[in-house]
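Numbering (our numbering), first residue to last: 262 to 427.
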């Protein structure tokens with residue numbers, strides 16, 4: 262429970278920093294589009310999208326932590342992961358190695374590994390069918406290259422937001 266609360270506290274600080282960074286990046290992209298520097302804008306857009314995805318991932322992780330903290334009694338004394346908590350637990354385990362700035366997630370992962378076993382963790386890490394990891398968290402923490410369509414959509418959104426004729 263303590264680790265869950267620590268994650269929530271740290272997320273509040275980190276999310277604020279990243280949200281400010283996303284705002285600056287969006288403003289930079291708008292400026293570049295205004296100056297007809299689309300190539301440079303595309304480079305900035307990739308960084309902005311990744312930062313926004315991390316902000317979104319933080320929100321999901323925070324929700325999972327708060328949900329688990331409120332239902333910690335359901336976990337204690339049980340050898341099996343309760344089905345109603347599986348998505349939250351699996352998603353936090355999955356996020357651990359992908360969120361270096363939240364070291365508490367690795368501690369949470371160790372706790373659940375000791376409780377539910379290495380096989381439970383392996384199923385999640387390998388994203389096997391039925392592992393329980395939320396689709397959104399996988400999407401937001403993905404390291405797959407961004408598609409041109411994603412970048413263009415983001416650029417169009419920023420242009421509209423900042424009243425840039427693009």
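C-beta: ideal position from N, C-alpha, C; glycine also.
Classification of residue i by the beta-carbon crowding that lies within 10 angstroms, buried from 16 upward
i, result
"residue 411", "exposed"
"residue 264", "buried"
"residue 388", "exposed"
Per-residue DSSP class, three states only, for residue i
i, result
"residue 423", "coil"
"residue 388", "coil"
"residue 362", "coil"
"residue 314", "helix"
"residue 238", "There is no way to answer for residue 238, as the model of the chain reaches only from 262 to 427."
Under 7 Å between C-beta atoms of residue i and residue j
i, j, result
"residue 262", "residue 336", "no"
"residue 316", "residue 351", "no"
"residue 374", "residue 385", "no"
"residue 366", "residue 357", "yes"
Option in the options with minimal Cα separation from residue i
i, options, result
"residue 289", "325, 274 and 307", "307"
"residue 415", "322, 340, 269 and 283", "283"
"residue 322", "392, 376, 399 and 422", "399"
"residue 372", "363, 361, 362 and 354", "354"
"residue 330", "309, 344, 269 and 361", "269"
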